[in-house]
Each structure stands twice: as C-alpha cells, then as structure tokens.
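Participant:
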Amino acid sequence: MKRLTRWFSKNLIRIYAGLAFIYLFIPVLYTFIYSFNDSGKTNLIWKGFTFEKWSNPCGAPDICSALGNSFLIGFTSTFVSTVLGTLIAFALGRYKFRGRSTTNLLIFLPMATPEIVLGASLLTMFINFGFNTSLLTAIIAHVMFCISFVVVTVKARIASLDPRLEQAAMDLYANEWQTFRRVTFPLVLPGVAAAALLAFSLSFDDFIITNFTAGTVNTFPKFVYVAAGRGIPAQANVIGSAMFIIAVTVVILGQVLGNKRKSKVS
Amino acid sequence: MAVDASTSAKGDLILKNLTKTYGEFNAVDDLSLVIPKGSFFALLGPSGCGKTTTLRMIAGLEEPTSGTISVGTTDITDMKPYKRPVNTVFQNYALFPHLSIFENIAFGLRRRGVSDADVKAQVDKVLNLVELPQLAERKPNQLSGGQQQRIAVARAIVNRPALLLLDEPLGALDLKLRRQMQIELKWIQTEIGITFVHVTHDQEEAMTMADTIAVMNNGKIEQMGSPEDLYDSPRTSFVANFLGQSNLIPGTITGNDGDNLIIELFGNKVSVPKKRSSAHGTSVLVGIRPEKFRVAAEGKGATGNVLTGGVVSDVSYIGVSTQYQVEMPWGKELIVFEQNDDDEDFLRKGEKVTLSWEPVFSFVLDGSENASSGSH
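In order, the protein sequence lines correspond to chains L and V.
Numbered according to the working numbering, the first sequence spans residues 1 to 266.
Numbered according to the working numbering, the second sequence spans residues 267 to 642.
Take a look at the structure:
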C-alpha cells in the first residue's frame, strides 16, 4: 500500500500530463481515424478501413475549390497583416507621437469585440459602401482582425530588444538601413514569424466573419459547416488530418534543427 | 558610404565647450578637453557626473546641446555615429546575439566593404590578440562574462579606429577577473597604440590603466593629470576624497619659510611645500593621506610636522597594515594607516599618541572647499 502511494506521488505529474494530452488529442485522433472510414455520404458510423479518401482528397464535390479559397485568403491576409502589423508595432514600440497610447488601446479593440458583431457590422459597412461581398471583402475583413494579433506579438518582441544592440551596430559603421537589416530585423524575426503563423491559423479557420463577408465564395470552414447539415464527407477528415500532420512535422523539424545547431557549437 | 576608419581623421581628440542639457539639468557643463593621440585616458567620477554622457556624445549616440568635438582637424560634432572614426566597447558588451563571434567581430569590417579574405585575416588576427581563436563559431550567449568582454574589445579594435571608447567595460566582472582584464586592456592599448577613452567610477581601475585621468563632478572636470599628480597634489577636496582617502584639517597660513608655507593647525605649526598649495587666501585645508602619517605613543620621538594630543579611538588590523582612528583635541577623528613592517608597539584603544609626517607628503587646499565633498 505504502509502495503504491509512493509510486503514485512520484508519478503524479506524469499521470496528470498523460490525462491532459488524452483530453486534448482524442478529437484529433478521432478525426484521423475517421479519415480512413469507408463511408458514403456521411461519416458518422465506422464502416470499414480504406485508403480511398486519402488517395483522392478532392473526391467530394467543391471541397478542393473551397480549400483553395481558404489558402488564398489565408496567405494573402497573413502577408498583408504581417507587413502592416509589424510596421505598426515598430511605430508603437519605438517612437513617441501624439495619440500613441490611444492607438495602443484601439489596437486591442478588435480582439475584444465578439466576432459575430464584427462580421455583421462589416457586412453592413460593405453594403453601405456599395461593395459586393467577394474574395476581396473577405480578405479585407481577415486582414483587419489579424492585424491586432500581429501588432501585439511583434511589439512584445521589440520591447524585449536591447537598444544598445542597434547603437552598437551604428557604432560599427552600419547606417540606418543596414542596422535594421542586419541587427534589428533578424532579432525581431522570430516574433514576426510567430505572428504570421498566428495570423494564418486565425484566418484559415475563421467561419463567422467569413460567412458574413465572403458572399458566395466558399471556404473550407464554410464547406464543412454547410456539409454538416447533410453529412460531412470523410475527405474533410483527410484534409484536417493532413494539416495537423504538416503542422506537427514543421514544429518537430524546427526543434530538431535548432537542437542540432546548438549541439554543434557547444 | 561609411568612412574607412583607418584612413580618416587621426590625431588628438578635442572637446570644446561641450554642453549637454536635459531640461534644467546640465549633464555636461561647458567641458573643454584635449586627449592626446595614443594615450590611455580615463574619465573618472561618481554616477551622474556626466562622464557617460560625454562618452556617448563622442560616439555620436547623444547630440550635444552646444560645443564641438573634433578628431585632429576634422570636426565630427554633427557626424552620424557610423561615419565617425570611433568605436565603443559597451557597458554590457552589446554583442549581437544572433551572430557568431566571428561575424560579430567582422561586422564593422563588412559594413566598410572589406573583402572576405581580408575580413578573415583581420578577424583571426584580433581573435589571437585576445587569445580566444577557438571561440570563432560560438554564439555570444555561450561565452563567459570575461570572454564576452574580450570579444567586445576585439570587435571594436579590429576596425583600427582613431579612438576607442570604453564605457565601464569591466563593471560586470568579478574582482579577480577585473584585475586581470585591467592589465590585459592596458597591454592591448600599448600593443596597438590606439587612443583609449575609458569611463569608470572605480578610482583604482582608472589609476591602474590610465596615463591621464580627468576627475569629473557635476558635469565639469575637477582636475586632470597623471595618477600620481592627482593623488599627491589634489587641488579640490572632491579629488582628494574621491581618489583614495584624505584627512583634511582646517588651518591658517601664518607665514613663509623659503619654499614652504607655515600653517597653524589648532595650535600646531606645520610646514607644507608651496608648490603643493592651491589656496587663494590664508584660510586653508591641509591634506594628509592616511598612509603618510606616522603614529607613536605620546612623548616618543616625532620629526617633521607634528600634531599632538591624539587619542586612539579605534584599531583595526587588516594584515598589510593597521588602521587607526585617532581623535584629536579639536574633536575630529583622523585616519591613519600604519604598515605592519616593524616591531613597533601595537597601539591600543584609548592610548595617547602623537601624529607626525614629512612636509612633502601633504598638500594644501583653499579653505572654501567643503572638506567632505567626494568622500566615499
């Protein structure tokens, strides 16, 4: 009995971690397993194992055009919001100007506003200005809500940057542009990359605002939502699983490469 | 774009009426100074005295409110920092964390368009000079404090600037390493012959390394000279107290005796060489360094200048010397360091003593000086 308690208290943290991971990953695992389901129209009951959906992920009607639109909106709005957001972050983090603290506050506002409200009022605005909702309006909306997250992420990185490093660069014959390119930007880059990833994942799985602002343009979340009414095809599971695997692989690869570089030099 | 530091202005560093004001506060106040080419110059002073601001203005990181800075005949007052023939060793080194040690050192050379082969040769050479060639591929955060410090020096001197600025370069190191680096920096300076301007609040560090020290206080230079000059003939009480310790005793000049002044100190007549005096009137402060005093039991032979009637109020034995505090009849305590180099009687607390010293080992300040200014 005593030995059991000791074992338990020694491994408590592992047991806890294991349970947390199970809780987090059961839905993902479920998605993954059902991507191999030899299903028909709906994918709710296990009917047998098949590779068919993986070998033909575009098999379900419209699914790949919706996915393409999601990527297009995701990449474009990530690029635009990362560039604009990084510039805003530099302005807020580095310069004192009238209205800086107000800007700082307003930047947070879109994050705090319920998406459903944002989406509805964006739609009203587009209609009032005579815009037809389309791919373009969807991108504009996505850039808008991504910028806040980019600014916050990059600004944190800039704040942690030692201003003496830039002074040292200037002291070592680097002019303003060279200082930015050789010292400031490389040091802020991890923050910018994190911001871009965040922006992409926010944009890619956004349903609410997209539903209001994309008009007839179909995106992957919209496709899944609509399909849910009559049965989600297993291809949706294939695409979801594939994206998960790609993301995890990228992260692991980054870790491994980082460790390799570290162990090489020390 | 950027000037080649090796061919640009060389010569003395000349600061003329340099002033930096922050609102109402004069950080640097009408400072004029010539630092000769090739010298090891220290700006010494307590924090807030304006020494770092002066350094940053020379580097171009701070804009003077008025006044000029020139190197030789070239006025660099309005030059961008990257156009100045000046490099800096920053207080916490400011090594670029994302670049290898090699690239850190190569940074200045590359910005000036030096060819890859020359960059390699020069970086290798300077890495050998600081004795860390094996660290070229490391990142700064993998180095110890002392190694980072040496790399920071290497990164600056590889550019062969006309002027190397050191901003409290040893502040982050422990005492033993600091001593070692003091000797090393002095050696490097002699080896490469670049003018070093060294900012520090540590008087020992300044005295170990510098040929010339300027003691700064409240944005002004109190006194400038060789370490010996400043120590033996301070002209203000601030310098007398900031550089080492001093006993400053108020007195009155009562006459002359050849090259000496005769001064009365609470009834004791003492003499001090005239050349050691910076007094304007007859009211003066006589300064004696604690180690220049001789202390003896009352009635025993005392020669030279003599102060009688002291009582030992405290004794601390610290190995190389014994420190006495001696209470004088006028109520002030004097500090005396006595070397433990003979078998003279060890004096005890409460014992009556006579203090004496040779006239050449004292100095005279003007009586208007605040005797406690600059004390630690």
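Note that the Cβ used here is the ideal one computed from N, Cα and C, for glycine as well.
Since the structure is predicted, the reported quantities are computational estimates derived from the model, not experimental observations.
Within this structure, are the beta carbons of T466 (chain V) and S305 (chain V) separated by less than 8 Å?
Facilitator: no
Participant: Give me the Cα-Cα distance between A438 (chain V) and E166 (chain L), rounded to the nearest whole angstrom.
Facilitator: 20 Å
Participant: Could you pull the start and end residues of the beta strand (DSSP E) that Q591 (chain V) belongs to?
Facilitator: Where Q591 (chain V) is concerned, the enclosing beta strand (DSSP E) stretches over S587 to E593.
Participant: Counting contacts by CB-CB distance shorter than 8 Å, is L327 (chain V) in contact with chain L?
Facilitator: Yes, its Cβ sits closer than 8 Å to a Cβ of chain L.
Participant: Pull up the distance between the alpha-carbon of V505 (chain V) and that of L514 (chain V), whole angstroms please.
Facilitator: 12 Å
Participant: List the residues of chain V whose Cβ lies closer than 9 Å to the Cβ of Q167 (chain L), in chain order.
Facilitator: Going along chain V in sequence order, the residues near Q167 (chain L) (Cβ under 9 Å) are R322, A325, L327, P347, T354, F356 and A360.
Participant: Within the continuous alpha helix (DSSP H) that includes M1 (chain L), where are the two ends?
Facilitator: Run containing M1 (chain L): none; DSSP gives neither H nor E here.
Participant: Indicate the three-state DSSP secondary structure (helix, strand or coil) for Y288 (chain V) in the structure shown.
Facilitator: Per DSSP, reduced to three states, the secondary structure at Y288 (chain V) is strand.
Participant: Among V:K486, V:A472 and V:N483, whose alpha-carbon lies nearest the alpha-carbon of E494 (chain V)?
Facilitator: V:A472
Participant: Heavy atom of the ligand SAM less than 7 Å from the Cβ of M594 (chain V), yes or no?
Facilitator: Of ligands this structure carries none, so the ligand SAM is not represented either.
Participant: Give me the Cβ distance between L309 (chain V) and K317 (chain V), rounded to the nearest whole Å; I'm assuming they're in contact under 8 Å.
Facilitator: 4 Å
Participant: In chain L, which residues lie less than 7 Å from R377 (chain V) when you measure between Cβ atoms?
Facilitator: L172, Y173, A174 and Q178
Participant: Would DSSP call I460 (chain V) helix, strand or coil?
Facilitator: coil
Participant: Quick one: which residues of the region 147 to 164 of chain L get their C-beta closer than 8 Å to a C-beta of chain V? List them in chain order.
Facilitator: D162 and R164
Participant: Answer with yes or no whether the minimum CB distance from F462 (chain V) to chain L is below 8 Å.
Facilitator: no
Participant: If you follow the alpha helix (DSSP H) that Q178 (chain L) is in, where does it begin and where does it stop?
Facilitator: E176 to T179
Participant: Rounded to whole angstroms, what is the Cα-Cα separation between L202 (chain L) and P114 (chain L)?
Facilitator: 14 Å
Participant: Could you tell me the alpha carbon to alpha carbon distance between H464 (chain V) and A169 (chain L), rounded to whole angstroms?
Facilitator: Going from the Cα of H464 (chain V) to the Cα of A169 (chain L) covers about 20 Å.
Participant: Please determine, among V:I601, V:S582, V:V481 and V:D498, the residue with the shortest C-alpha to C-alpha distance to L621 (chain V).
Facilitator: If we check each option's Cα against that of L621 (chain V), V:I601 comes out closest.
Participant: For F373 (chain V), go through chain L and note every residue whose CB falls closer than 9 Å to its CB, in chain order.
Facilitator: A168, A169, L172, Y173, A174, R182 and V183
Participant: Have a look at V183 (chain L) and P406 (chain V) and give me their C-alpha separation to the nearest angstrom.
Facilitator: 14 Å
Participant: Express the C-alpha separation of F75 (chain L) and Q455 (chain V) in angstroms, rounding to a whole number.
Facilitator: 55 Å
Participant: For a contact meaning CB atoms closer than 9 Å, what does H364 (chain V) contact in chain L?
Facilitator: V183, P186, L187 and L189
Participant: At what residue ranges does the region 539 to 596 of chain V contain a whole run of the beta strand (DSSP E), taking only runs of 3 or more?
Facilitator: Listed in chain order, they are 549 to 554, 560 to 563, 571 to 583 and 587 to 593.
Participant: How about Y590 (chain V) and V552 (chain V): are their beta carbons less than 8 Å apart?
Facilitator: no
Participant: What's the call for E564 (chain V), buried or exposed, on a 16-neighbour Cβ count within 10 Å?
Facilitator: Looking at its Cβ environment, which holds fewer than 16 other Cβ atoms inside 10 Å, E564 (chain V) is exposed.
Participant: Once DSSP output is grouped into helix, strand and coil, what is the label at W623 (chain V)?
Facilitator: strand
Participant: Any Cβ of chain B within less than 8 Å of the Cβ of N237 (chain L)?
Facilitator: Within the model displayed, chain B is absent; protein chains L and V are what it includes.
Participant: Since I believe R94 (chain L) is in contact with I158 (chain L) (beta carbons under 8 Å), could you give me their beta-carbon distance rounded to a whole number of angstroms?
Facilitator: 7 Å
Participant: If you draw a straight line from the alpha carbon of D468 (chain V) to that of M482 (chain V), how long is it in whole angstroms?
Facilitator: 12 Å
Participant: What does DSSP give as the partner residue(s) for E617 (chain V) in the beta ladder?
Facilitator: DSSP output for E617 (chain V) lists no bridge partner at all.
Participant: Can you look up D498 (chain V) in the DSSP assignment and give me helix, strand or coil?
Facilitator: Residue state, collapsed to three classes: helix.
Participant: When the Cα atoms are used, what is the spatial distance from N606 (chain V) to P556 (chain V)?
Facilitator: It is roughly 14 Å from the alpha-carbon of N606 (chain V) to the alpha-carbon of P556 (chain V).
Participant: P516 (chain V) by DSSP, collapsed to three states: which one?
Facilitator: strand
Participant: Only counting runs of 4 or more residues, tell me where the alpha helix (DSSP H) segments fall wholly within the region 113 to 160 of chain L, in order along the chain.
Facilitator: 115 to 128 and 135 to 159
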